[in-house]
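Reviewing the structure listed below.
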Amino acid sequence: MDLLDPLLLARWQFGLTTLYHFLFVPLTLGMSITVAIFQTAWVRTGNLKWLHLTRFFGKIFLINFAMGVVTGIVQEFQFGMNWSAYSRFVGDVFGAPLAFEGLMAFFFEATFIGLWIFGWDKLPRGVHLATIWIASIGAWLSAYFILAANAFMQNPVGYQFSEEGGRAEMANFFEVLFNPVALAAFPHTMFASLMFAAGVIISIAAWHLARGQNLDMMRTSLRYGLWLMLLGFAGTFLSGDQLSLVMVETQPMKMAAAEALYETACGADASFSIFSIGTPDGSEEVWSLRVPYLLALLSTHSLDGCVEGINNLNAEYSEQWPELAAQVDGSFTPIIWITYWTFRWMIGLGALAALVALVGLWLTRKKAKREVPQWAWRIAIWSYPLSLLAILIGWTFTEMGRQPWIVFSLMLTEDGVSPLVPGWNVLVSLIAFTAIYAILAVVEVGLIVRTAQKGPDPVPEPGSPGSEPTSIEDTPTTVY
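Here UniProt numbering is used: the first residue of the sequence shown is 1, the next is one more, and so on.
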């Protein structure tokens, strides 16, 4: 293996920066909605508990949002630096949804976040509430445009190939925008984001409750987080089912690799493997533990459905794209062990996070006869990585399962790298990004932990000064 291979280093760099940036995206998406819901509860009820929870989780939301902006800027620069051949090939198509994300959704989101931050004592209560809801909608729109751009890499539609320019050109913007992959991936991503936000809320609330601090507000936060986790898991599961149907239709090799299915199978033979061992070259299965019919049911919603196998698809693709087949030695297969295990870890970690929430709801129910044991609080406190890891592993599955394509059926990953950028140049930037991101991670975690441990402001006792604000001007102002 050449350690200065530009392709290898460019892939590592993009993977590092993408996954690091994606640490912040789902928390921003989920926490923005949470803050909006809490502020709505305050405006509707006048209960100061909701105001303090709004401000408290609003601080965590803003810290995370700021860090996400900083790390996200690097992403688009890499297209021109390390992936210029790819950028030239799909820039006309790929650039449109990215432009909408940057010029409309992001600025839309950032503008109203600014109004929300500085408008506490300047805007009427209803108008101020609208700013956080609009900012949340902007964040979700931003996510959709990014997913629409990524969906073109998974399932290229709405383009025409220019023989003269040797590149893909936009033919139908609406086909690109409403790509079936994007429509299926969007709810899946959003519900998964709610799960991560719920995990953070559960961990923070459990930390305070285990120490007997801010009991009323943290009980409310805990129950909210537990229910949000279950809602997020249910939505992720159902939307994931729809996404798998789209994946089978548009990228059958990814599904075959996710199941280590080497030969096309139907009915009982199209089984879901719980555990599988393949040959070192990934060409066939040695042994596996399988559930009959389950893969057919998941992939086609029919017990008699057929799922194409890896070897069959390789033969089909080699016949369809003979020149590209020569470049990849006749194998259009991603790394089997990565796709196989990331698919299972994604599902398993998400289910485990939901199980923690379900047990938490039982232990904290109103009719519970015993106090919550300390071991349960510790599990709740340290449960937040479960949903985050499920999201990161799921994103790895999505991108690694597309390999060796950078744009499925149009361009191989090795053809998309910048031809004139030397490996040492990419290595230097990779080391620099790794070091800078490590420092930013320490700063991010430190700020969020310090804010979380400090907790929300205490609710004033009834009748005390400030306990019953009569207008927005009477509400204590927090400077973020």
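Don't be surprised by glycine CBs; every beta carbon is placed ideally from N, CA and C.
- V359 and S221 have their C-alpha atoms roughly 16 Å apart.
- If you draw a straight line from the Cα of I431 to the Cα of L129, it is about 43 Å long.
- According to DSSP, residue pairing for F275 in a beta bridge involves L289.
- Leaving aside the five residues that flank C306 on each side, the residues in its chain whose CB is nearer than 6 Å to its CB run, in chain order, C266.
- Distance from the Cα of W83 is smallest, within the candidate group F14, L98, G126 and T111, for F14.
- Within the DSSP bridge table, the entry for S162 names R167 as partners.
- Note on S193: 16 or more other CB atoms within 10 angstroms of its CB, so buried under the neighbour-count rule.
- By the C-beta criterion, the region 46 to 66 is judged not to be in contact with the region 378 to 395, since fewer than 3 inter-stretch pairs fall below 8 Å.
- With 16 or more other Cβ atoms from the protein chains shown falling within 10 Å of its own Cβ, F61 counts as buried.
- The alpha-carbon of G350 is positioned some 14 Å away from that of F397.
- Every unbroken stretch of the beta strand (DSSP E) spanning 3 or more residues and falling wholly within the region 157 to 237 is given here in chain order: 159 to 162 and 167 to 170.
- Going by C-alpha positions, L226 is about 23 Å away from I137.
- L420 is the residue among L420, V442 and I63 whose C-alpha sits nearest the C-alpha of P6.
- CA-to-CA, the gap between A149 and G126 works out to about 35 Å.
- In the assembly as shown, A185 is a buried residue. Its beta-carbon has 16 or more other beta-carbons within 10 Å.
- Distance from the CA atom of F118 to the CA atom of I202, rounded to whole angstroms, is 28 Å.
- Apart from the 5 residues on each side of it in sequence, A206 sits with its Cβ closer than 6 Å to the Cβ of W377, A380 and I381 in its chain, given in chain order.
- According to the DSSP assignment, W120 belongs to no alpha helix (DSSP H), since it is labelled neither H nor E.
- For L16, the three-state secondary structure derived from DSSP is helix.
- 9 Å or more divides the Cβ of Q374 from the Cβ of A151.
- In terms of Cβ geometry, L386 and G199 form a close pair [threshold 9 Å].
- For W405, the beta-bridge partners assigned by DSSP are L412.
- In the structure shown, A265 adopts extended strand secondary structure according to DSSP, grouped into three states.
- Under the 10 Å beta carbon count, I33 is surrounded by 16 or more other beta carbons and is classified as buried.
- For F77, the enclosing alpha helix (DSSP H) stretches over residues L48 to M81.
- For A135, the closest alpha carbon among the candidates L51, L115, V372 and A325 is that of L115.
- Taking a cut-off of 8 Å for Cβ pairs, the region 391 to 411 and the region 330 to 346 touch, as three or more such pairs fall below it.
- M67 and T54 have their C-alpha atoms spaced approximately 20 Å apart.
- Assigned with DSSP and collapsed to three states, V307 falls in strand.
- W321 sits in coil when the DSSP states are folded into three classes, being neither helix nor strand.
- Assignment of T111 by DSSP, reduced to helix, strand and coil, places it in the helix class.
- In the structure shown, Q453 adopts helical secondary structure according to DSSP, grouped into three states.
- Look at I391 here: in three-state DSSP terms it is helix.
- Within its own chain, the residues whose Cβ lies closer than 6 Å to the Cβ of L361, once the five positions on either side in sequence are excluded, are L226, listed in chain order.
- Straight-line spacing of the CA atoms in L245 and N172 works out to 24 Å.
- Under the three-state reduction of DSSP output, Q374 falls in the helix class.
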